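Mapping the sequence shown onto my numbering, position 99 (from 1) lands on 97, and the numbers just tick up by one. Worksheet for the structure shown next.
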Amino acid sequence: MKTIMYYFTGTGNSLAAARTVAAAIGDCELVPIASLANVSGPVVPAADRVGIVCPVYDSGIPVIVKDFAERLDIGAVPYAFGIVTMGRIGVSALHQLNGILEEGCKRKLDAAFAVKMPGNFPPVGVPPEGKKKEKILKKADAELAAIASTIQKGQAVSPSFAPVSALLQYLLYRPFSKNVHGMGTKFSVEDTCTSCGTCITVCPAGNIRMENNRPVFLDRCELCCACLNFCPVEAIQLNFFHGTKGRGRYRHPDLKVEDMKAQRGEKTATTPEMKLP
C-alpha cells in the first residue's frame, strides 16, 4: 500500500517521527509541507494512506500546516492519519485538524496520535538535556513503533478528550495565528554572529535574508525556531516571555542542516532520498 506523509518540522521532532513511521510501514513518500507553500490550488494525493505530521504550537497546528490542510483533499483516500509532536500538551491540535478536514473534504482522520518529544521553545521552558532528553526520545520511539503498527493494520483511533489543551487553544491559538507572521520583530542578533547564513538555510518559511552581513527577519515567520536552535554560536535571541539568553537550545539529534534545506524543496548533495522502501 502506498502512503504519503506530509510533514512540517522546525527542530526535527516531527521529521524524526515521520521517518520512523515511514521506515516501519514501507512504500512511503515523505513530502515537506513547506515545499508546497507557494503551490496554488487543491492538493489531491494519490495514495492508499495519507498522513500529516507536525508539531504543536499554542495547542494548535502551525499556520503553514493549517493553510495546507485547508487545501488538502483526502475525500477519496481510504485511510488518513495525523501525528502531532509536542513538548507537553497539545491533543487539541488533532481536533483542530479534524475540523479543518471535515469542513474542507467532508471527512475526519481515521487515526490521530500525539507523541511527547523534547521541548524546543526556550522562552517558555529550558529544553531537556542529557539522560532526560534521551529518556523522552526513547519513549517516543516506542510510541511511534506502536503507531506504525496501528497504521499498518488500518485501525481507527480517535483523538482523546483533552479539556486543558482545548482551553489553552481557545485562549492562545487565535492571537498566535493572527500575529505569528510578524514575530520576526521579536528576534535579535548579537555581535557574536559570524554571518555564516545557517539561519537562512534552515528557515522553512524563507523568512530571513542577509543584509550587511547580518540576518534580517521578514514578515512570514512561523515561529518554528529553527534559526534559534541551529545557530552555531547562539547569536540569535528571541525576546519573548523569558527570552532565550542562556536558556539552552534543542534540535533532534538526527536532524541536519541539509534536512531543513530539503524541506523547502531544495536538493543538496547530502540530502537523503525521501522515499523509503
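Ideal Cβ positions, reconstructed from N, Cα and C, are used throughout, including at glycine. For clarity, every value in this text was computed on a predicted model and none was experimentally measured.
- Does the separation of the CB atoms of S163 and V113 fall below 8 Å? For the purposes of this step, residue 163 is taken as residue 165 along the sequence shown, with counting starting at 1. For the purposes of this step, residue 113 is taken as residue 115 along the sequence shown, with counting starting at 1. Cβ distance not < 8 Å, so S163 and V113 don't count as in contact.
- alpha helix (DSSP H) containing L165: first to last residue? As a working note, residue 165 is residue 167 in the sequence shown. Bounds of the alpha helix (DSSP H) holding L165 are P161 to N177.
- Message: According to DSSP, simplified to helix, strand and coil, what is Q153?
- Response: Taking the sequence shown and counting its residues from 1, the one referred to as residue 153 is at position 155. Coil at Q153, not helix or strand.
- Given A74 as reference, the closest of A146, A44, V82 and V61 once Cα atoms are compared: In the sequence shown, residue 74 corresponds to position 76, counting from 1. For the residues A146, A44, V82 and V61, the minimum Cα distance to A74 belongs to A44.
- Item | From N118, C194, N205 and C191, residue whose alpha carbon lies closest to that of D217 | By one-based count along the sequence shown, residue 217 stands at place 219. The residue with the shortest Cα to Cα distance from D217 is N205.
- Note the first and the last residue of the continuous alpha helix (DSSP H) segment covering L13. Position 15 of the sequence shown, counted from the first residue, corresponds to residue 13. Where L13 is concerned, the enclosing alpha helix (DSSP H) stretches over N11 to I23.
- Span separating the alpha-carbon of A16 from that of R212: Locating residue 16 in the sequence shown gives position 18, where the first residue counts as 1. Locating residue 212 in the sequence shown gives position 214, where the first residue counts as 1. When rounded, the distance between both Cα atoms is 34 Å.
- Query: Given a threshold of 16 other Cβ atoms within 10 Å of its Cβ, counted over all protein chains shown, does G195 qualify as buried or as exposed?
  - Reply: Numbered from 1 along the sequence shown, position 197 holds the residue referred to as residue 195. Answer is exposed; the Cβ neighbour count stays below 16.
- Message: Looking at the secondary structure, which residues open and close the beta strand (DSSP E) in which M3 lies?
- Response: Counting from one through the sequence shown, the residue named residue 3 turns up at place 5. Looking at the DSSP string, the run of the beta strand (DSSP E) that includes M3 is T1 to Y5.
- Query: What is the rounded straight-line gap between the Cα of G241 and the Cα of I234?
  - Reply: Here residue 241 refers to the residue found at position 243 of the sequence shown. Here residue 234 refers to the residue found at position 236 of the sequence shown. Going from the Cα of G241 to the Cα of I234 covers about 11 Å.
- Leaving aside the five residues before and after L70 along the sequence, list all residues of the same chain whose C-beta is less than 6 Å from its C-beta, in chain order. Within the sequence shown, the letter at position 72 stands for residue 70. Within the same chain, L70 has close Cβ partners V41.
- CA-CA distance, A144 and G49? Counting from one through the sequence shown, the residue named residue 144 turns up at place 146. Counting from one through the sequence shown, the residue named residue 49 turns up at place 51. Distance between the alpha carbons of A144 and G49 is about 16 Å.
- Query: Which word fits R47, buried or exposed, when buried means at least 16 other C-beta atoms lie within 10 angstroms of its C-beta?
  - Reply: Walking along the sequence shown from the start, residue 47 turns up at place 49. With 16 or more other Cβ atoms within 10 Å, it is buried.
- Item | Alpha-carbon spacing of E141 relative to T18, whole angstroms | Translated into the one-based positions of the sequence shown, residue 141 becomes position 143. Translated into the one-based positions of the sequence shown, residue 18 becomes position 20. Going by the C-alpha atoms only, they are around 10 Å apart.
- Residues that L236 bridges to, as DSSP identifies them: Here residue 236 refers to the residue found at position 238 when the sequence shown is read from its first residue. BP columns for L236 point to F185.
- Item | Three-state class that DSSP yields for R262 in the structure shown | As a first step, residue 262 must be located in the sequence shown, where it is residue number 264. Three-state result, R262: coil.
- Query: So which of N118, T83 and H250 has the shortest CA-CA distance to A110?
  - Reply: In the sequence shown, counting from the first residue as 1, residue 110 sits at position 112. Residue T83 is the option with its Cα nearest to A110.
- Query: Just how far apart, CA to CA, sit A224 and Q153?
  - Reply: To locate residue 224, count along the sequence shown from 1; it is residue 226. To locate residue 153, count along the sequence shown from 1; it is residue 155. Rounded to the nearest angstrom, the two C-alpha atoms are 34 Å apart.
- Please list, in chain order, all residues of the same chain as N237 whose beta carbon is under 8 Å from its beta carbon, the five residues on each side excluded. As a position in the sequence shown, residue 237 is number 239, starting the count at 1. Only K184, F185 and S186 meet the Cβ criterion.
- Message: Can you look up G246 in the DSSP assignment and give me helix, strand or coil?
- Response: Stepping through the sequence shown from its first residue, residue 246 is reached at position 248. In this structure, G246 counts as coil in the three-state DSSP scheme.
- Message: Going by DSSP in three states, A45 sits in which element: helix, strand or coil?
- Response: Taking the sequence shown and counting its residues from 1, the one referred to as residue 45 is at position 47. Correct three-state label for A45: coil.
- Item | Check whether A203 and C219 have beta carbons under 8 Å apart | For the purposes of this step, residue 203 is taken as the residue at position 205 of the sequence shown. For the purposes of this step, residue 219 is taken as the residue at position 221 of the sequence shown. The answer is yes: Cβ separation under 8 Å.
- Query: Quick one: Cα of Y5 to Cα of D189, how far?
  - Reply: Here residue 5 refers to the residue found at position 7 of the sequence shown. Here residue 189 refers to the residue found at position 191 of the sequence shown. A straight-line Cα-Cα distance of about 34 Å links Y5 and D189.
- Message: Along the chain, where does the alpha helix (DSSP H) containing V61 start, and where does it finish?
- Response: Position 63 of the sequence shown holds residue 61. First-last of the alpha helix (DSSP H) with V61: V61 to A67.
- Thinking C-alpha only, which one of F66, V155, G58 and F119 is nearest R172? Position 174 of the sequence shown, counting from 1, holds the residue named residue 172. From the listed residues F66, V155, G58 and F119, the smallest Cα separation to R172 is found for G58.
- Task: With DSSP collapsed to three states, give me the class of L95.
- Result: Mapped onto the sequence shown, residue 95 falls at position 97. In this structure, L95 counts as helix in the three-state DSSP scheme.
- DSSP on T192, reduced to helix/strand/coil? Residue mapping note: residue 192 aligns to position 194 of the sequence shown, counting from 1. Coil.
- Task: Could you say which of A21, G8 and G10 lies nearest to I2 if we only look at CA atoms?
- Result: Your numbering for residue 2 matches position 4 in the sequence shown. Out of A21, G8 and G10, A21 has the C-alpha closest to the C-alpha of I2.
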